[in-house]
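> Each residue of the sequence shown is one higher than the one before, starting from 1 at the first, in the working numbering.
Even glycine gets a Cβ: it sits at the ideal position worked out from N, Cα and C.
First, the structure itself, so that you have it in front of you.
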Amino acid sequence: MNNIQLLGRLAKTPEIKYTSNGKQYSWFTVAVSRQSKKDEVDFIRCVVFGSVAEALVKYCQKGRQVLVQGRLEVNTLQDKATGEYKTHHQVVAQQVNFLHDPNQQRMA
């Protein structure tokens, strides 16, 4: 089973993009603190499609806490110039829950 959950904050404000056939998607990076060392952070690249991508771009900005649920995808590509193989990891998100927004003022 390939299932991953990430709890972290958006490293930058996501933007909407479109595939060649018009499908919406958004690349975003989640900064996730390591459980063993809170001062160390992993920046994990994610992608989401369709209406979830649209909602992410509409309601979330840099710093927003999110819970991402999806699958880990590993791709190996050959660099045409050097012939070396490079491995890329990304999370393909199926669900993104919008949590704490540091840009919102608290109600007194």
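Taking 8 Å as the cut-off, does the stretch 8-16 touch the stretch 58-70 (at least 3 CB pairs, one atom from each stretch)?
yes
> Taking DSSP's pairing of strands, which residues face K17 in a bridge?
Position 17 of the sequence shown holds residue 17. According to DSSP, K17 shares a beta bridge with Y25.
> Under 6 Å Cβ to Cβ from F49, same chain only, skipping five residues before and after it: list those, please.
As a working note, residue 49 is residue 49 in the sequence shown. Within the same chain, and ignoring the five residues on either side of F49 in sequence, the residues whose Cβ sits closer than 6 Å to its Cβ are Y25.
> Where does L99 fall in DSSP's three states?
Working through the sequence shown from its first residue, we reach residue 99 at position 99. Reduced to three states, the DSSP call for L99 is coil.
> For I44, count neighbouring Cβ atoms within 10 angstroms of its own Cβ and tell me buried if that reaches 16, exposed if not.
Locating residue 44 in the sequence shown gives position 44, counting from the first residue. Buried: at least 16 other Cβ atoms inside 10 Å.
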